[in-house]
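Student: What follows is a structure written as structure tokens; I'll ask about it next.
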RNA sequence: GGGUCCGUGGCGCAGACUGGACAGCGCGUUGGCCUUCUAAGUCAAUGGUCGAGGGUUCGAAUCCCUCCGGGCCCGCCA
């Protein structure tokens with residue numbers, strides 16, 4: 007898309023694309039073309055022109071790169087077509103290495119074609135010698151923290167959170183390939199009001215949700231569930247009853263939804279009574295609508311697990327003031343009261359255990375799990391932020407709360423234009439009247455912590471938090487850390503919607519990542535069994551895991567992050583073209599050829615000049631672009647570019663596969679050249695998939 | 001209401017930061033291709049006023065302005 011992030015934010019992402027490459031035949035070809043154009047311009051008397059810009063022609067038959075003469079023609083009042091022919095003619099006089107042909111074409115273009123013999127050999131050498139690291143390069147070792155996922159430990163990771171995880175993980179892989187020293191951080195928001203609410207509900211069940219507790223007793227075996235039922239197509243945002251019984255994060259999600267539901271119903275009822283006595287009919291109707299919504303939620307929840315729901319409901323009904331008790335629990339947790347710590351930490355540990363299981367299954371790991379309580383709360387970090395900001399003169403005290411006047415900071419440091427702010431930035435409440443801190447305050451403390459460990463920070467956080475992330479930067483300026491703010495990026499992405507409604511953790515309405523993965527693997531298994539009945543059961547299971555999970559990862563990584571996604575099973579689990587399985591299949595085909603070829607061909611001669619068909623040329627050229635694609639994806643932080651590249655490469659390979667015989671090629675040296683090409687394709691497909699965190703099976 | 005992001009064939013997307021040669025791809029629909037390296041493939045046909053209107057430019061899906069439609073945000077939630 008390219009519009010999602012400002013140029014300022016992109017600069018924050020660094021100019022990785024300009025870093026020196028190890029083996030990069032296409033960059034060499036590009037340099038050679040530029041040199042030819044410059045030399046030709048000099049010969050023809052167009053001296054002192056600025057940097058030569060080359061474009062990729064719209065049609066491969068027009069060459070691999072082209073130079074357009076329109077701008078030059080405009081300046082010199084000459085005919086663009088005539089300039090093009092003069093440049094082409096002059097360029098033909100120069101010595102060339104990777105450039106094969108130069109031609110004038112169209113109304114004013116000079117087209118450059120690779121000389122396939124030299125170029126293919128250069129490419130195949132590079133890929134062969136670099137192998138799995140072809141496409142990645144040495145960077146400056148700059149430390150980058152990528153914070154991603156960071157879902158609240160009060161419900162399982164749903165499909166929206168999964169988008170965050172996959173994007174964050176792909177970004178980490180791509181930045182690492184670009185030579186950054188990447189650390190992946192998960193921020194555990196254990197201090198918030200929501201966690202306290204979940205823990206409060208949990209306390210009504212007498213604790214005990216971890217292994218050995220009453221719910222763990224009904225643990226199901228994963229395998230049983232596999233063949234459980236034909237499909238889960240009718241399950242929509244109602245949770246997964248089986249998972250709720252055996253996976254802690256799912257159970258916590260249920261407890262949290264039940265608690266927030268019970269509290270909301272109770273609060274709304276009280277408010278409606280009060281409004282009625284005050285005769286505010288309009289507002290009464292409004293509140294009744296909200297109540298109706300929550301009553302509907304309550305019956306959904308009750309249907310899932312009546313016993314647990316009723317116990318929570320009873321507990322909350324008999325409480326004098328549940329909202330106050332939740333706030334009290336949070337206050338006690340922030341002051342590290344042992345009982346509160348035991349309760350909340352237990353809940354969080356259980357939830358995180360569930361996250362680890364889910365994320366581990368899709369190959370997502372972290373270098374650091376950062377507890378908000380430890381980094382921002384118990385060590386006084388957030389308190390210190392409040393104090394330092396108070397000393398900055400930009401805060402005021404309102405009704406016992408401490409508030410940061412963001413607008414004043416924006417004015418003082420001239421941030422309006424810098425951050426594209428067109429309206430007033432709302433003030434940020436830093437501290438509640440009961441002395442507890444708010445999320446963004448703790449996030450400021452966390453950010454200071456991160457800057458002690460890295461030069462750059464990328465926060466993968468949904469678009470919903472755009473304003474608080476801006477306020478965070480503003481707060482850094484207020485602290486005199488404006489330069490650090492420049493090295494902090496909010497990498498935002500749009501939400502995943504469900505067809506009828508928005509996902510809501512508080513309402514327990516979400517499609518979990520676990521159920522999507524289960525369903526994907528289930529469908530992949532059916533697919534594999536149908537297509538490859540000759541494979542053994544064990545291998546079919548393995549392949550379906552890789553294929554199903556790859557499909558989900560690809561679906562989430564391949565859509566530009568600033569586009570909202572509406573969840574449908576068919577969309578997230580696709581096995582046809584433009585999917586991970588399509589790419590994996592191309593890889594498996596390439597592997598198959600290599601297996602059948604054996605190893606004897608490697609040392610013998612190869613005729614690279616024979617790789618002259620449009621299929622082979624196209625493949626060679628596309629392979630050679632991989633390093634630049636990686637550099638570009640890293641520069642612009644766009645994993646979807648890798649996805650698209652991999653898809654295009656698979657597509658080009660399929661064309662080659664269907665049109666050009668390899669094992670039955672005529673002539674030993676031609677066969678060898680093609681085998682080199684297939685092997686290079688295999689390696690690059692595998693490297694590209696690796697950047698997306700997708701495994702490349704050798705058979706499917 | 002204000003801000004912001006998005007709007008490309010029936011559906012889902014790429015192309016936009018960095019303007020260039022007839023706007024690509026998938027799904028769908030219709031019709032072909034497995035005695036040749038895996039048909040999760042491939043070929044052909046079908047289908048688009050690039051939301052609308054202005055402007056800048058030799059040239060605009062791309063840059064600028066206005067408008068229309070949708071997502072998101074505007075809390076002592078996160």
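Numbering (the working numbering), first residue to last: 7 to 706. A virtual CB, placed ideally from N, CA and C, is assigned to each residue, including glycine. These numbers were taken from a predicted model, which means no experiment stands behind them.
1. Taking contact to mean 3 or more Cβ pairs, one atom from each stretch, closer than 8 angstroms, check whether the region 551 to 562 and the region 577 to 589 are in contact.
2. What three-state label does DSSP hand residue 83 in the structure shown?
3. Along the chain, which unbroken stretches of the beta strand (DSSP E) at least 3 residues long are found entirely within the region 375 to 414?
4. Run the CB neighbour count on residue 385, radius 10 Å, all protein chains shown included, and call it buried at 16 or more, exposed below.
5. Could you tell me the boundaries of the alpha helix (DSSP H) in which residue 339 lies?
6. According to the neighbour-count rule (16 or more other Cβ atoms, all chains shown, within 10 Å of its Cβ), is residue 587 buried or exposed?
7. If you follow the beta strand (DSSP E) that residue 684 is part of, which residue opens it and which one closes it?
8. Using DSSP's beta-bridge definition, name the partner residues of residue 190.
9. Residue 465 and residue 497 - do their beta-carbons sit closer together than 8 angstroms?
10. When you compare only the Cα positions, how much space is there between residue 313 and residue 211?
11. With which residues is residue 495 paired in a DSSP beta bridge?
12. Tell me where the alpha helix (DSSP H) around residue 115 begins and ends.
13. For residue 107, which beta-bridge partners are listed by DSSP?
14. Report yes or no: do the region 598 to 611 and the region 651 to 670 share at least 3 C-beta pairs separated by less than 8 angstroms?
15. Take residue 692 and list the residues in its own chain whose beta-carbon comes closer than 7 angstroms to its own, dropping the five residues that flank it on each side.
16. What span of residues does the beta strand (DSSP E) with residue 487 cover, start to end?
17. For residue 331, collect the residues of the same chain with a Cβ closer than 8 angstroms to its Cβ; drop the 5 residues on either side in sequence, then sort them by chain order.
18. Please report how far the alpha carbon of residue 541 lies from the alpha carbon of residue 608, in whole angstroms.
19. What are the start and end residues of the beta strand (DSSP E) that includes residue 538?
20. Taking just the CA atoms, how far does residue 156 sit from residue 391?
21. Go to residue 436, then tell me how far its beta strand (DSSP E) extends in each direction, as first and last residue.
22. Determine the burial state of residue 145: buried for a count of at least 16 other Cβ atoms within 10 Å of its Cβ, exposed for fewer.
23. Is there contact between the region 121 to 137 and the region 171 to 191, where contact requires at least three CB pairs shorter than 8 angstroms?
24. What does a CB cutoff of less than 6 angstroms around residue 677 pick up in its chain, not counting 5 residues either side in sequence?
25. How far does the beta strand (DSSP E) with residue 71 in it reach, from first residue to last?
26. For residue 61, which of helix, strand or coil comes out of DSSP?
27. Which complete beta strand (DSSP E) runs does the region 275 to 362 hold, if anything under 3 residues is left out?
28. Counting Cβ pairs, one atom from each stretch, are 3 or more of them under 8 angstroms apart for the region 460 to 478 and the region 486 to 501?
29. If you run the structure through DSSP and keep just helix, strand and coil, what is residue 163?
30. Given this structure, state the Cα-to-Cα distance separating residue 284 from residue 270, to the nearest angstrom.
31. For residue 699 and residue 559, which I take to be in contact (beta-carbon distance under 8 angstroms), what is that distance rounded to the nearest angstrom?
32. How about the region 436 to 445 and the region 411 to 426: do they share at least three Cβ pairs that are nearer than 8 angstroms?
33. Kindly indicate which residue of 610, 613, 640 and 651 has the alpha-carbon position closest to the one of residue 629.
34. CB-CB under 8 angstroms to residue 723, same chain, minus the five flanking residues each way: which ones, in chain order?
35. Which one of 67, 51, 46 and 71 has the shortest CA to CA distance from residue 34?
36. Would you decide whether residue 632 is buried or exposed? Buried here means 16 or more other CB atoms lie within 10 Å of its CB.
Tutor: Here's the rundown:
1. Enough Cβ pairs lie closer than 8 angstroms, so yes.
2. In the displayed model, residue 83 falls within coil according to three-state DSSP, outside both helix and strand.
3. The qualifying runs are 401 to 404 and 407 to 410.
4. Within 10 angstroms of the beta-carbon of residue 385 lie fewer than 16 other beta-carbons, which makes it exposed.
5. Note, residue 339: alpha helix (DSSP H), 328 to 340.
6. Looking at its Cβ environment, which holds 16 or more other Cβ atoms inside 10 Å, residue 587 is buried.
7. Boundaries for residue 684: no beta strand (DSSP E) harbours it, while the alpha helix (DSSP H) harbouring it runs 674 to 697, taken from the DSSP string.
8. Residue 190 is bridged to 152.
9. Yes.
10. Approximately 10 angstroms between the Cα atoms of the pair.
11. In the DSSP output, where bridge partners are listed per residue, residue 495 has 464.
12. Counting along the chain, residue 115 falls outside any alpha helix (DSSP H), though it belongs to the beta strand (DSSP E) covering 115 to 120.
13. Note: residue 107 sits in a beta bridge opposite 119.
14. Yes, since at least three Cβ pairs between the region 598 to 611 and the region 651 to 670 fall closer than 8 angstroms, the two stretches touch.
15. Once the five neighbours on either side are set aside, the close Cβ partners of residue 692 are 593 and 702.
16. Per DSSP, residue 487 belongs to no beta strand (DSSP E) and is neither H nor E.
17. For residue 331, where only same-chain residues beyond five positions count, the Cβ hits under 8 angstroms are 206 and 325.
18. So the alpha carbons of these two residues sit roughly 29 angstroms apart.
19. Per DSSP, residue 538 belongs to no beta strand (DSSP E) and is neither H nor E.
20. Approximately 22 angstroms between the Cα atoms of the pair.
21. Note, residue 436: beta strand (DSSP E), 434 to 437.
22. With a 10 Å radius around the Cβ and a threshold of 16 neighbouring Cβ atoms, residue 145 comes out buried.
23. With the cut-off at 8 angstroms, the region 121 to 137 and the region 171 to 191 do not touch.
24. Result list for residue 677: 671, in chain order.
25. Residues 71 to 74.
26. Here residue 61 sits in strand by DSSP.
27. Complete beta strand (DSSP E) runs here, min 3: none at all.
28. Three or more pairs of CB atoms, one per stretch, sit closer than 8 angstroms, so the region 460 to 478 contacts the region 486 to 501.
29. It is coil, neither helix nor strand.
30. Between residue 284 and residue 270, the C-alpha separation is close to 21 angstroms.
31. Correct: roughly 6 angstroms between the Cβ atoms.
32. With the cut-off at 8 angstroms, the region 436 to 445 and the region 411 to 426 do not touch.
33. Measuring from the Cα of residue 629, the nearest candidate turns out to be 651.
34. Because the chain spans 7 through 706 in this model, residue 723 falls outside it and cannot be assessed.
35. With distances taken between Cα atoms, residue 34 lies closest to 71.
36. A residue is called buried once 16 or more other Cβ atoms fall within 10 Å of its Cβ, and residue 632 is buried on that count.
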